[in-house]
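Chains as they are written, first to last, in my numbering: chain A, 1 to 402; chain B, 1001 to 1402. Have a look at the structure below before the remarks.
Number of protein chains: 2
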Amino acid sequence: MRAGPSQEDIRRHNLGTLLRHVHLGGPISRAELTSRMGLNRSTIMALTSDLTAAGLVREELPRETGRAGRPSLVVRPESARVYVFAFDVGPDRLAVARVGLGGVILDRRESVRRRGPFDLTELTGELAAAARQMRRKARHDAVCVGAGAAVSGGVRRSDGVIRFGPNLHADEAPFGEALGRRLAFGLPVSVGNDANLAALAEHSRGVGVGVRDLVYLHGDVGVGGGIIAGGHLLGGHDGYGGEIGHMVINPGGGQCACGSRGCLEAEVGERALLEAAGRSPEEGHQGRDAVRNVVDAADRGDIVAQEALRQVGDWLGLGVANLVNLFNPEMVIFGGMLREVYLGSAAQVRSRMAVSALAPQREKLRLRTSALADDATLVGAAELAFAHVLADPLEVLARAGG
Amino acid sequence: MRAGPSQEDIRRHNLGTLLRHVHLGGPISRAELTSRMGLNRSTIMALTSDLTAAGLVREELPRETGRAGRPSLVVRPESARVYVFAFDVGPDRLAVARVGLGGVILDRRESVRRRGPFDLTELTGELAAAARQMRRKARHDAVCVGAGAAVSGGVRRSDGVIRFGPNLHADEAPFGEALGRRLAFGLPVSVGNDANLAALAEHSRGVGVGVRDLVYLHGDVGVGGGIIAGGHLLGGHDGYGGEIGHMVINPGGGQCACGSRGCLEAEVGERALLEAAGRSPEEGHQGRDAVRNVVDAADRGDIVAQEALRQVGDWLGLGVANLVNLFNPEMVIFGGMLREVYLGSAAQVRSRMAVSALAPQREKLRLRTSALADDATLVGAAELAFAHVLADPLEVLARAGG
């Protein structure tokens, strides 16, 4: 319960808000900014001048206006100049991208990760080497203003330690600090849970733009989630919130990697689907392609695959019903491999929800699939890195030497 | 993404913040307000003058300071002058209270409600009559600034309609509007779900003060809940959030009043406990006393009662584990009849949580019982009514004719 903000707080807030419009919405005229931000023209001009001088945006005459009179200048993000690094560490994949202000992926590299032991030194070495190569290829005046990483596991918000990551075989791994040291860019690395970050990405750039209350379900090998409540990511006390994969829905059910039984992950995760479809999930018969094969086989009339999807869809519907009762979201988004599973079992999901989700919670609910697909986690990692810049644009840029 | 606030917004915010300190924290010196709000002395003096002139607070010399020098004036809420009405409609009880600024219960009345059909006209008539009597007994210069009601059911935030209330036998009942009309005080009645409001009450005046992330479980006949995430009540898109009683945890389990099976309510609600203890929940053997009898019997060594509590405690532990995984709260609070159930089965709850709650989520978690006990819902209803006053103190008081 502190008092109102100072003039300097207000200026910083306005600079961040203006930059956020440009970063998330793309090129926008000064006139439009004036109207959206509810500030007068001279204030908008002063703010854009400050951001232009710092090299965060540039102002240009629009190509065509179709209207008489002096056209309003268009403010564009300096995407090629101001960028962050985004990292994604999944059970089956490593990805690194250089992402410019405005969300433009300027450069990216992906590699297959073999399931197996988690070697922090090797992993962070590989990620840092890729980032350093990309950095050398960047424009000479380009400025790196941050780094963010999405990892498949529970991450302590305060220091980026992976507390538990059964699907990465990681446990108490000081990932954020190790990656920061290997990068040696003089920048901290912000680390988040991959499903949490994918939820943020869908909320800021995907199917959930403008939706203040949404639940995002992320299927990879396991099942994770991210909750946007009242426009903000639900992190909980230490940042572990949103572990929807470890909500028990079938207490007599399958063993889960977390040690419990009948978690949502144990009933709708990759292994559950492949086993139900009679495809033993061994090396070579696992991952996203194996999941797609089951959905495709069901489409072609394979009865075993259809029954597997029916079974998994029923549990998925029950899990979603619980989440809908708890969160009363406007939208539920299926991402990662659950995108395919939902598309292959939507009728079953809806029919189960009709029984187990309360009617008022269901009536305005929209079920959607991820718009960013396999980029959601990487885009979310970039947004995590940009969050610092949007909170205090000039200060962050000055510190980065821009 | 609007711009920063105007000077008038800041003043209103500061008036509300100062009044909130006095309302929630009780009498406080100007010096302490200066330090807590981070404003200078002359601003605090101007704000308290405005609130004093409006009759919301008064300033007095402290009784003793124990220090030399001129003592700082103490700001007190005008509890006897500025008040709200709070209503509580539970399955077994009706309560009406006149609650003064600062949270003082000035007058209250309770009556037993017989389980059975929901008669909106009779119910709102009885509540309004009690409120009008209390109003006549109030000080001649007292000003009613709001009314809030807690009801056992899902309430649409926008208009106070009870959308579903199986334990009240209410369905699509326009309760808020009907009560407002019967009161005829010229004030709207804000209506909320009883468990949501009890959560708010524990967060503002109970065991959860200062806890930004908490889960409150409320047992009455059914099971409800309220989630405080990042310091705010999680309402969801339409205000139906927090229906933890209808999270399915045992898909093959008991029939629930909502139409689904194996909901938390069906496994740990009053009926589940009484049936497990071999006490058929008929008229005369139900309600809070019947629940207490089972817990007392278990304490005295009754093996059937002990086994019933063990069984219900196991399901309760599983439900709480799910909530802990989803919300990563700092505190879980057991309220209503779940207070007794938890006290009688804490070992079982904790042992189930050790299996099904993720370790990082568990390590700082505190399990607590409600501090406000059976007053939690009523106190929450009062806080709902006061929320308008704290948002814009002078305007609300002027409208109320104060």
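Where a beta carbon is used, it is the ideal one built from N, C-alpha and C, also for glycine. Computed from a predicted model, the values in this text were never measured in an experiment.
- Between Leu273/A and Val248/A, the C-beta spacing is not below 8 Å.
- By the CB criterion at 8 Å, Pro1329/B and His237/A fall inside the cutoff.
- Contact note: Ser1260/B reaches chain A through Ala321, Val355, Ser356, using a C-beta cutoff of 8 Å and chain order.
- Counted as a single uninterrupted DSSP element, the alpha helix (DSSP H) harbouring Asp1009/B occupies residues 1007 to 1025.
- In the DSSP secondary-structure assignment, Gly219/A is bridged to Val223/A, Gly336/A.
- Close partners of Val248/A in chain B (Cβ separation under 8 Å): Ile1249, Leu1318, Ala1321, Asn1322, Ser1356.
- Residue-level contact check: Ala170/A does not touch chain B, since none of the beta carbons of chain B fall below 8 Å from its beta carbon.
- With a 10 Å radius around the Cβ and a threshold of 16 neighbouring Cβ atoms, Asn14/A comes out buried.
- Around the C-beta of Ser1049/B, fewer than 16 other C-beta atoms lie within 10 Å, and the residue is accordingly described as exposed.
- The beta-carbon of Asn193/A is placed no less than 8 Å from the nearest beta-carbon of chain B.
- With a cutoff of 8 Å on beta-carbon distance, Glu270/A and Cys256/A are scored as not near each other.
- Separation of Val22/A and Asp159/A (C-alpha to C-alpha, rounded to the nearest whole angstrom) is 30 Å.
- Counting only runs of at least 4 residues, the region 156 to 221 of chain A fully encloses the following alpha helix (DSSP H) elements, listed from N- to C-terminal order: 175 to 183, 194 to 205.
- For Asp1050/B, none of the residues of chain A pass the 8 Å Cβ criterion, the least Cβ distance being about 15 Å.
- Distances from the alpha-carbon of Leu378/A to those of Ala86/A, Arg11/A, Thr52/A put Ala86/A closest.
- Between the C-alpha atoms of Arg1139/B and Ser1280/B there is a straight-line separation of about 48 Å.
- Contact residues of the region 1191 to 1224 of chain B toward chain A are Arg1212, Asp1213 (C-beta to C-beta distance below 8 Å).
- Linking Val1294/B to Gly1259/B through their CA atoms gives a straight-line distance of about 27 Å.
- Counting only Cβ-Cβ distances below 7 Å, Gly154/A has contacts in chain B at Leu1358, Pro1360, in chain order.
- No Cβ-Cβ contact shorter than 8 Å links Ala1357/B with Gln1311/B.
- The C-alpha of Ala1199/B lies about 34 Å from the C-alpha of Gly254/A.
- Look at Phe118/A here: in three-state DSSP terms it is coil, with no helix or strand label.
- If you draw a straight line from the Cα of Pro1117/B to the Cα of Arg1261/B, it comes to about 23 Å.
- When only Cα atoms are considered, Thr369/A and Leu1197/B end up about 34 Å apart.
- Taking all protein chains in view, the Cβ of Asp194/A is crowded by 16 or more other Cβ atoms within 10 Å, so the residue is classified as buried.
- The three-state secondary structure of Arg1261/B, taken from DSSP, is strand.
- A check of alpha carbon separations from Gly1222/B across Leu1338/B, Gly1278/B, Pro1027/B, Arg1020/B identifies Leu1338/B as the nearest.
- Under the Cβ criterion of 8 Å, Gly335/A is not counted among the residues facing chain B.
- Counting C-beta pairs with one atom in each stretch, the region 1313 to 1323 of chain B and the region 226 to 235 of chain A have fewer than three that are closer than 8 Å, which means they do not touch.
- Taking Val112/A as the centre and dropping the five residues before and after it, the same chain places no C-beta closer than 6 Å to its C-beta.
- Here the alpha carbon of His1169/B sits roughly 30 Å from the alpha carbon of Ala1229/B.
- Comparing alpha carbon positions, the residue from Leu309/A, Val268/A, Asn250/A closest to Cys1263/B is Asn250/A.
- Per the coordinates, the alpha-carbon of Arg58/A lies some 12 Å from the alpha-carbon of Arg30/A.
- With respect to chain A, the C-beta atom of Pro1329/B has a partner C-beta closer than 8 Å.
- By the beta-carbon neighbour count (other beta carbons within 10 angstroms, threshold 16), Ala1354/B is exposed.
- In the three-state reduction of the DSSP assignment, Ile1249/B falls in the coil class.
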